[in-house]
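Peer 1: Provided herewith is a single structure, encoded as structure tokens, for subsequent inquiry.
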């Protein structure tokens with residue numbers, strides 16, 4: 050499959066006729082060219098069915114796997130912050146699960162392992178592990194590094210199996226090749242799945258939607274189907290390097306679970322002073338065709354706000370979404386408040402190059418010597 054063909058069929062934009070060989074045919078809608086913005090920010094894959102409501106929570110399908118997960122996921126990063134005590138982290142996790150949250154987010158590198166350790170302690174108690182769909186992420190790009198991280202995460206999380214393991218921070222155009230290379234991280238993931246250490250495989254990233262598309266393309270070339278893709282989906286994203294416009298349609302079309310993150314951008318987006326209430330940020334992400342909206346929860350206010358968002362959520366039509374995006378537009382056009390796209394502030398792998406391993410053979414062969 051040629052990259053141009055994949056990108057043309059992957060994302061939504063203006064439908065165009067493409068001439069090929071014997072004549073013209075109507076291609077799948079094209080993605081906007083690199084650097085352009087969507088002509089209609091509200092033209093997004095929106096839900097019509099909010100999900101199955103049980104108690105305080107909504108539940109949605111996890112892609113085409115047959116699994117069902119809570120529409121709100123508990124973010125693991127915030128639970129590992131030093132401002133949160135071990136006891137408070139356990140209490141928040143238990144209360145969240147008791148009230149209906151089943152999706153647990155984490156990562157091998159969050160807070161130097163403290164996030165996984167705290168979640169493991171909480172889930173080990175009173176059968177809570179059996180009540181949740183547990184996810185963690187690995188930074189390693191080589192088979193050796195990724196396998197080491199998977200085994201360490203299993204120990205920290207105090208479990209013999211993680212439901213979903215994702216390649217973390219696919220941020221560079223060579224990351225897909227590193228992951229799928231001989232001796233790359235995907236080999237570790239596949240072996241771990243065969244060994245029963247994990248059930249599903251996905252990837253995450255927050256830098257540029259075109260890198261997500263490249264990861265999906267490289268996977269398609271190798272006949273690999275991801276179960277999930279995690280990415281920023283918020284009221285700012287629709288205006289700048291939009292994952293919602295470029296990646297989400299492809300996921301919906303191909304039965305891949307979309308995991309929304311960066312609803313508040315770790316609080317940075319809230320500093321924009323955009324005339325939008327915090328609960329509206331959550332409503333917007335819930336209104337997209339996502340399997341789960343992962344949000345940081347580090348205190349009772351955060352937890353209650355997440356449940357209030359679910360309680361008050363009803364699907365919004367395109368006109369309502371357009372009005373909300375009009376309010377965010379002046380603050381979003383240059384990505385100023387989406388620091389995860391425009392800076393290295395959120396890039397753990399950028400600060401730890403050893404996790405990436407050596408360049409793939411093709412790069413090493415072409416690269417000039419620096420001596």
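Residue numbers (the numbering used here): 50 to 420.
Idealized CB from N, CA, C, for every residue including glycine.
For the alpha helix (DSSP H) that contains residue 109, what are its first and last residues?
Peer 2: The count along the chain shown starts at 1 and reaches residue 109 at position 60. That residue, residue 109, is in no alpha helix (DSSP H); its beta strand (DSSP E) goes 106-110.
Peer 1: Who does residue 185 pair with in a DSSP beta bridge?
Peer 2: In the chain shown, the residue the question calls residue 185 occupies position 136. DSSP output for residue 185 lists 214 as bridge partner(s).
Peer 1: So, helix, strand or coil for residue 267, using DSSP?
Peer 2: Looking up residue 267 in the chain shown gives position 218. Note: residue 267 maps to helix in three-state DSSP.
Peer 1: In three-state terms, what does DSSP make of residue 446?
Peer 2: Residue numbering for the chain in the displayed model covers 50 to 420; residue 446 lies beyond these limits and cannot be assessed.
Peer 1: Please specify which runs of the beta strand (DSSP E), each continuous and at least 3 residues long, are wholly inside the segment 294-361, giving them in chain order.
Peer 2: Listed in chain order, they are 306-310 and 341-345.
Peer 1: Below 8 Å, can you find three or more Cβ-Cβ pairs linking the segment 126-146 to the segment 327-334?
Peer 2: At 8 Å Cβ cutoff, the stretches do not touch.
Peer 1: Which residue from 369, 387 and 100 puts its Cα closest to that of residue 255?
Peer 2: Within the chain shown, numbered from 1, the residue matching residue 255 stands at position 206. It is 387 whose Cα lies nearest to the Cα of residue 255.
Peer 1: Among 202, 99 and 229, which residue has its Cα nearest to the Cα of residue 266?
Peer 2: By one-based count along the chain shown, residue 266 stands at place 217. Selected option, being the one with the closest Cα: 229.
Peer 1: Let me check one thing: in DSSP terms, what residues is residue 152 bridge-paired to?
Peer 2: On the chain shown, position 103 is the one that residue 152 refers to. Its beta-bridge partners are 122 and 182.
Peer 1: Do you know whose CA, among 257, 279 and 270, lies nearest residue 393's CA?
Peer 2: As a position in the chain shown, residue 393 is number 344, starting the count at 1. When only C-alpha atoms are compared, the closest one is 257.
Peer 1: Could you tell me how far apart the beta carbons of residue 264 and residue 273 are, in whole angstroms, since I believe they sit closer than 8 Å?
Peer 2: In the chain shown, residue 264 corresponds to position 215, counting from 1. In the chain shown, residue 273 corresponds to position 224, counting from 1. Contact doesn't hold; Cβ gap of about 10 Å is too wide.
Peer 1: From residue 115 to residue 181, what does the alpha carbon distance come to, in whole angstroms?
Peer 2: On the chain shown, position 66 is the one that residue 115 refers to. On the chain shown, position 132 is the one that residue 181 refers to. Those two C-alpha atoms are separated by around 15 Å.
Peer 1: Taking 8 Å as the limit between beta carbons, can you name the residues of its chain near residue 357, skipping five residues before and five after?
Peer 2: Locating residue 357 in the chain shown gives position 308, where the first residue counts as 1. Closer than 8 Å at the Cβ level, and outside the excluded window around residue 357, lie 328.
Peer 1: State the DSSP-derived secondary structure class of residue 233, mapped to helix, strand or coil.
Peer 2: Position 184 of the chain shown holds residue 233. The answer is strand: DSSP assigns residue 233 an E or B state.
Peer 1: Using only alpha-carbon positions, find the residue among 271, 326, 170 and 339 that is nearest to residue 277.
Peer 2: Here residue 277 is taken as the residue at index 228 of the chain shown, counted from 1. Taking only the C-alpha atoms, the option nearest residue 277 is 339.
Peer 1: For residue 211 versus residue 203, is the C-beta spacing smaller than 8 Å?
Peer 2: On the chain shown, residue 211 is found 162 positions in, with the first residue counted as 1. On the chain shown, residue 203 is found 154 positions in, with the first residue counted as 1. Yes, Cβ-Cβ distance for residue 211 and residue 203 is below 8 Å.
Peer 1: Kindly give me the distance between the Cβ atoms of residue 282 and residue 293, rounded to whole angstroms, as I take these residues to be in contact under 8 Å.
Peer 2: Along the chain shown, one-based indexing puts residue 282 at 233. Along the chain shown, one-based indexing puts residue 293 at 244. The Cβ separation is near 5 Å, so the contact holds.
Peer 1: Taking the DSSP output, what are the residues bridged to residue 365?
Peer 2: Working through the chain shown from its first residue, we reach residue 365 at position 316. Paired residue(s): none; residue 365 is not in a bridge.
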